[in-house]
Amino acid sequence: MSNVLTPTTADAPHGVAQARGLFDREILAQALSGSVTKLDPRVQARNPVMFVVLVGSLVTLLEAIAHPGIFTWSITVWLILTVLFANFAEAMAEGRGKAQADTLRRMRSETAARRRRDDGHEELVAAANLSRGDTVVCEAGDVIPSDGEIIEGIASVDESAITGESAPVIRESGGDRSAVTGGTKVLSDRIVVRITAERGHTFIDRMINLVEGANRQKTPNEIALTILLAVLTIVFIPVVVTLQPFAAFSGASVSVVVLVSLLVCLIPTTIGALLSAIGIAGMDRLVQRNVLAMSGRAVEAAGDVQVLLLDKTGTITLGNRMAASFLPVQGHNEQEVADVAQLASLADETPEGRSIVVLAKENFGIRERQLEPGHVFVHFTATTRMSGLDVGGRQIRKGAAESVKRWVREQGGTIPSDLDAIVERVSRAGSTPLTVADGADILGVIELKDVVKQGIKAKFEEMRTMGIRTVMITGDNPLTAAAIAQEAGVDDFLAEATPEAKMALIKQEQEGGRLVAMTGDGTNDAPALAQADVGVAMNTGTTAAKEAGNMVDLDSNPTKLIDIVEIGKQLLITRGSLTTFSIANDIAKYFAIIPALFAIKYHQLGALNIMRLHSPQSAVLSAVIFNALVIIALIPLALRGVRFRAANSAAILRRNVWIYGVGGVVVPFVFIKVIDVVLVALHAY
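Counting from 9, one number per residue, gives the positions in the sequence shown under our numbering.
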């Protein structure tokens, strides 16, 4: 029976990280409200650029009240809108996370748990009241109330509410598949779970904090950029203030409203307004990939990573060695080897055994057949290192070469002269040789090969283009590791890797001034995950691994590390691109405002009025309106991020300068002129 009070599967979200549209109606409503509440000066003070704009809008408001006029009120309204638009950008970024957090919070608060008491009886309690060490019973249809490990039973679990993946997974007591996450749903059978998370510190709690941004601290890069923007703002304040005595000396008239407008247009308002939204959106993109980052610093570090350490199994290869070919010894042919190898593998339920059956069928049309009564399957053991089949007086075996050779000799058989050469050739190629024998007769060798994932070599080439060095970590011998590394296209490899060897490699790279990222899932990976600048632990891994890393991949997909690096780089590129665009805007604003202000007194400055703006007032107002509207126009780009392309730093810089540097100069010229024409057409001036 189910004791779960959560919504039905149809009502539940398909994954915490499910992305909402940029203009989701609910998020828009929250963002509009948030843009007003964020006018609190205590909130604005955290952003020096926008705080100056807020103060400037208050100054012009007082001036508009004291000396009403269309120009003064227009400037005041657009300055206030500039602050509201900046608040709206930040609120939009936060709103996407808060919508996800609300779903998670409902999942946690509406779930009940069947806690097992010391006397063996069960009691119904709220999931939020569970403590570490409690044991709970979950049956088909129940939602697992908190993070824990299975201590009894085996079950099929739907983890889509956390990972977004609809395919169920098997979780069982003991081993690496015992960890379960709160919010996932039991589909079959019955399990007993020991809670391993402290109250308020479950994965769901941490995800709520992450997606809400409640605990989001500014990263070092973001702090440095904030300081730079503050310095630029401080520099422009005396520059603008000194224009007043200069104008008075020259006989020109420059009002306080115009000076405030000039200051707001010249300081880096665009990036100041979008900086926080870019950081929040970067974290949100990571969550959309089902990766839980413990801090924004980790996301940023991913963008600067120079060395990737990747496990071979499951990351570079498919994870299981598959049958690739049948190699006969002299006197036999491939079909004979395939036929006997398939018979020996009929009871072998391992992926390797299944692949032998499939390869025999695909290459030679040999289908699984009905066996005679009285047959006996011989299962693999660590002692014999062989498996096979006894049927109709025949004894068929497959296994390690030395084990099969010893068994054949015991049967009175001889060893083919070319067997050792075949076995050595297969081993040198990085594959695993299995020798096949029918009684005292050795027929040949099955080649089991690590299958490199399709497209992984191209991924590594992209990493190389970006200046990132890839290193494969494997427990294989150096010969096998070298063969796989060459096929996969990695830059280097570490064979026969031990926890100490991994740590030593990471420290060596870091001592060379490089940032290192790695993935891991076992307790023996914990020291290396803690040492790495970006340590990505698998959600199906051990508690030690998850606590050591600064990111947890909820999909437990080791190749996700490559995506994480791309997201980190996209965050840094977006921030740099919009900073370039914002600063480049100033050139056009100089040409719009300065000539308009002084051309009446100094006719020579009219030559700089290349946009031929209608009047000083329309020039100032056009620049202020553009300054506000460009923030709204760039919100989608800040939330989605600048499109990432694999390239080296020089190429990225060139593209950044051409698109956002030159674009930042040209775009304001065009749109300030368009706004001026519209204002004149509307008889605003």
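No residue lacks a Cβ here, since even glycine has one placed at the ideal position from N, Cα and C.
Next on the checklist: Let me confirm a value: residue 378 is counted as buried when at least 16 other C-beta atoms fall within 10 Å, else exposed. Which label applies?
Outcome noted: Exposure of residue 378 is indicated by the presence of fewer than 16 other C-beta atoms within 10 angstroms of its C-beta.
Checklist entry - Given that a residue counts as buried once 16 or more other Cβ atoms are within 10 Å of its Cβ, and exposed if not, what is residue 193? => result buried
Next on the checklist: According to DSSP, simplified to helix, strand and coil, what is residue 76?
Outcome noted: coil
Next on the checklist: In whole angstroms, give me the CA-to-CA distance for residue 525 and residue 50.
Outcome noted: 38 Å
Item to check | residue 247 and residue 67 closer than 7 Å at C-beta | outcome: no
Next on the checklist: Just to confirm the assignment: which complete beta strand (DSSP E) runs, minimum length 3, are found wholly within the segment 229–312?
Outcome noted: Positions of the beta strand (DSSP E) runs, each at least 3 residues long and wholly inside the segment 229–312, are given as 299–301 in order along the chain.
Checklist entry - Are the C-beta of residue 295 and some C-beta of chain D separated by less than 7 Å? => result Among the chains in the structure shown there is no chain D, since it carries only a single protein chain.
Checklist entry - Is it a yes or a no for the segment 270–286 touching the segment 550–564, going by three-plus beta-carbon pairs under 8 Å? => result no
Next on the checklist: Comparing C-alpha positions only, which one of 206, 161, 154, 36 sits nearest to residue 190?
Outcome noted: 154
Next on the checklist: Between which residues of its own chain and residue 343 is the CB-CB distance below 6 Å, once the five residues before and five after are set aside?
Outcome noted: 372, listed in sequence order.
Next on the checklist: If I measure Cβ to Cβ from residue 514 and keep anything under 8 Å in the same chain, skipping five residues before and after, which residues do I get?
Outcome noted: 317, 524, 526, 536, 539, 540
Next on the checklist: Please list the terminal residues of the continuous alpha helix (DSSP H) segment that includes residue 630.
Outcome noted: 624–648
Checklist entry - In chain order, what residues of the same chain have a beta carbon less than 8 Å from the beta carbon of residue 493, not counting five sequence neighbours either side? => result 480, 500, 501
Next on the checklist: Using 7 Å as the threshold, is the C-beta distance between residue 2 and residue 286 below it?
Outcome noted: A question about residue 2 goes unanswered here, because the residues of the chain that appear run from 9 up to 693.
Next on the checklist: Just to confirm before moving on: does the CB-CB distance between residue 453 and residue 443 stay below 7 Å?
Outcome noted: A contact, by the Cβ cut-off of 7 Å.
Checklist entry - Thinking C-beta only, is residue 57 closer than 7 Å to residue 143? => result no
Item to check | For residue 318, three-class secondary structure by DSSP | outcome: strand
Next on the checklist: What does DSSP give as the partner residue(s) for residue 193 in the beta ladder?
Outcome noted: 151, 166
Item to check | Span separating the alpha-carbon of residue 620 from that of residue 46 | outcome: 38 Å
Checklist entry - How is the beta strand (DSSP E) around residue 652 delimited, first residue to last? => result Membership of residue 652 in any beta strand (DSSP E) is not indicated, and neither H nor E is assigned to it by DSSP.
Checklist entry - Near residue 92, which residues of its chain fall below 8 Å by C-beta distance, leaving aside the five closest residues on each side in sequence? => result Counting only Cβ-Cβ distances below 8 Å, and skipping sequence neighbours, we find 43, 44, 47.
Item to check | Cβ neighbours of residue 39 in the same chain (closer than 7 Å, five flanking residues each side left out) | outcome: Taken in chain order, the residues that qualify are 96, 99, 100, 103.
Next on the checklist: Helix, strand or coil, according to DSSP, for residue 462 in the structure here?
Outcome noted: It is coil, neither helix nor strand.
Next on the checklist: What would DSSP say about residue 528, mapped onto helix, strand or coil?
Outcome noted: strand
Checklist entry - How far does the beta strand (DSSP E) with residue 403 in it reach, from first residue to last? => result 402–407
Checklist entry - Grouping DSSP H, G and I as helix and E and B as strand, with all else coil, what is residue 334? => result The answer is strand: DSSP assigns residue 334 an E or B state.
Checklist entry - Is DSSP giving residue 174 helix, strand or coil here? => result Because the pLDDT of residue 174 is 48, which lies under 50, any placement of that residue in the model is unreliable, and the number read from its coordinates should be weighed accordingly. When DSSP states are grouped into helix, strand and coil, residue 174 belongs to the coil group.
Checklist entry - Looking at the unbroken alpha helix (DSSP H) that takes in residue 677, where does it start and where does it end? => result 671–689
Next on the checklist: For residue 457, list the residues DSSP reports as bridge partners.
Outcome noted: Under DSSP, residue 457 takes part in a beta bridge, and its partners are 330.
Item to check | Three-way DSSP call (helix, strand, coil) for residue 700 in this model | outcome: Outside the displayed span of the chain (9 to 693) sits residue 700, for which this structure offers no information.
Item to check | Beta-carbon gap between residue 700 and residue 265 smaller than 7 Å | outcome: Residue 700 lies beyond the residue range present for the chain, which begins at 9 and ends at 693; the question has no answer from this structure.
Next on the checklist: Counting C-beta neighbours from all protein chains within 10 Å, is the total for residue 253 16 or more, i.e. buried, or is it exposed?
Outcome noted: exposed
Next on the checklist: Can you tell me whether residue 315 is buried or exposed? The criterion is at least 16 other CB atoms within 10 Å of its CB, across all chains shown.
Outcome noted: buried
Item to check | residue 486, buried or exposed, once every other Cβ within 10 Å from all chains shown has been counted against 16 | outcome: exposed
Item to check | Straight-line Cα distance separating residue 568 from residue 88 | outcome: 43 Å
Item to check | Pick from 120, 508, 352, 636 that is closest to residue 593, judged by C-alpha positions | outcome: Closest in alpha carbon position to residue 593, among 120, 508, 352, 636, is 636.
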